[in-house]
Amino acid sequence: KGSIMKLGAKDSVVEIETVSTGSLGLDIALGIGGLPKGRIIEIYGPESSGKTTLALQTIAEAQKKGGICGFVDAEHALDPVYARKLGVDLENLLISQPDTGEQALEITDTLVRSGAIDILVIDSVAALVPRAEIEGEMGDSLPGMQARLMSQALRKLTAS
C-alpha cells in the first residue's frame, strides 16, 4: 500500500551504487561518481557527439569490475573494432540487433527482468521503429506510433 519516510532522517540516506563513465570529469560532475545502477538513463545529444562512445566506455568500466553488460544495437551500427579499442570485452558482451522496436524492447525487458545484467545500452531510441511502420507502405502516416511504443516500454521497464 506504499511507504513514506523523511528524507532528512540520518538512517534514510541511501548509498547509490554507480558505474564509472570512464571520464573522471563527468563522474565528478554527476556528483555521485558515475551513473547510478538500476536506473534508466537517457544520453541525449546531436549526431556524432559521443553518445555511443560514452555508452561503450561505461560498458568497459563495468566489465573491468566483473559486470555483465548488454548492447541492443537498434541502429545495426556497432563497430566491434572501435568498441575493443575503448576497452569493451566483446567476447563477454551480450549483443542483439533487433529487426523492430517491439523486438528490441522485448529483449530489453527480458534482460532487465532476469536481474543478471549490470548495464544495458539501447543504441538508439530513434532507431526503435515500430513493426507497423516497417511493414507499412512508404508514405503511410502513423502518428505517435513510436511515442506510444516508448511510453509502454518505459512503464513496463520501470515496473521491473
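The opening residue of the sequence shown carries number 21 in our numbering; numbering runs sequentially from there.
Note that beta-carbon positions come from the ideal geometry of N, C-alpha and C, so glycine has one too.
* To do: Per DSSP, which residues does P56 bridge with? Please list them.
  => Numbered from 1 along the sequence shown, position 36 holds the residue referred to as residue 56. Bridge partners of P56: T38.
* To do: Go through its chain and collect everything with a Cβ distance to G107's Cβ below 6 Å, but skip five positions before and after it.
  => Working through the sequence shown from its first residue, we reach residue 107 at position 87. The residues A80, in chain order, have a CB closer than 6 Å to that of G107 in the same chain once the five nearest residues on each side in sequence are set aside.
* **Which residues DSSP lists as bridging S116, in chain order** => The count along the sequence shown starts at 1 and reaches residue 116 at position 96. According to DSSP, S116 bridges with V92.
* Asked: So who's on the other strand from A143, going by DSSP bridges?
  -> As a working mapping, residue 143 is identified with position 123 in the sequence shown. Reading the sequence as shown, one finds Asp at residue 143 and not Ala. According to DSSP, which records beta bridges pairwise, D143 is partnered with D93.
* Classification of D143 by the beta-carbon crowding that lies within 10 angstroms, buried from 16 upward -> As a first step, residue 143 must be located in the sequence shown, where it is residue number 123. If you draw a 10 Å sphere on the C-beta of D143, you find 16 or more other C-beta atoms in it, and that means buried.
* Asked: Taking the Cβ atom as the reference point for each residue, do G90 and L140 lie within a distance shorter than 8 Å?
  -> Here residue 90 refers to the residue found at position 70 when the sequence shown is read from its first residue. Here residue 140 refers to the residue found at position 120 when the sequence shown is read from its first residue. Less than 8 Å separates the beta-carbon of G90 from that of L140.
* Are there three or more Cβ pairs, one per stretch, closer than 8 Å when the region 70 to 86 is compared with the region 129 to 139? -> Yes, the region 70 to 86 is in contact with the region 129 to 139.
* Is it true that the CB of L114 sits closer than 8 Å to the CB of T78? -> Numbered from its first residue, the sequence shown carries residue 78 at position 58. Numbered from its first residue, the sequence shown carries residue 114 at position 94. No, these two residues do not count as a Cβ contact at 8 Å.
* Asked: Taking contact to mean at least 3 C-beta pairs separated by less than 8 Å, is the region 35 to 42 in contact with the region 51 to 69?
  -> Segments in contact, yes.
* Answer yes or no: do D99 and K176 have a C-beta to C-beta separation smaller than 8 Å? => Position 79 of the sequence shown, counted from the first residue, corresponds to residue 99. Position 156 of the sequence shown, counted from the first residue, corresponds to residue 176. In this structure, K176 does not lie closer than 8 Å to D99 by Cβ.
* What are the boundary residues of the alpha helix (DSSP H) that G45 is part of? -> To locate residue 45, count along the sequence shown from 1; it is residue 25. Note, G45: alpha helix (DSSP H), L44 to L50.
* Asked: Does DSSP put S68 in a helix, a strand or coil?
  -> By 1-based counting over the sequence shown, the position of residue 68 is 48. It is coil, neither helix nor strand.
* Asked: Whose CA, out of R151, I88, S43 and G53, lies closest to the CA of G70?
  -> Taking the sequence shown and counting its residues from 1, one reaches residue 70 at position 50. Residue S43 is the option with its Cα nearest to G70.
* Between the CA atoms of E62 and M170 - distance to the nearest angstrom -> What you label residue 170 is simply residue 150 of the sequence shown in a count that begins at 1. What you label residue 62 is simply residue 42 of the sequence shown in a count that begins at 1. So the alpha carbons of these two residues sit roughly 12 Å apart.
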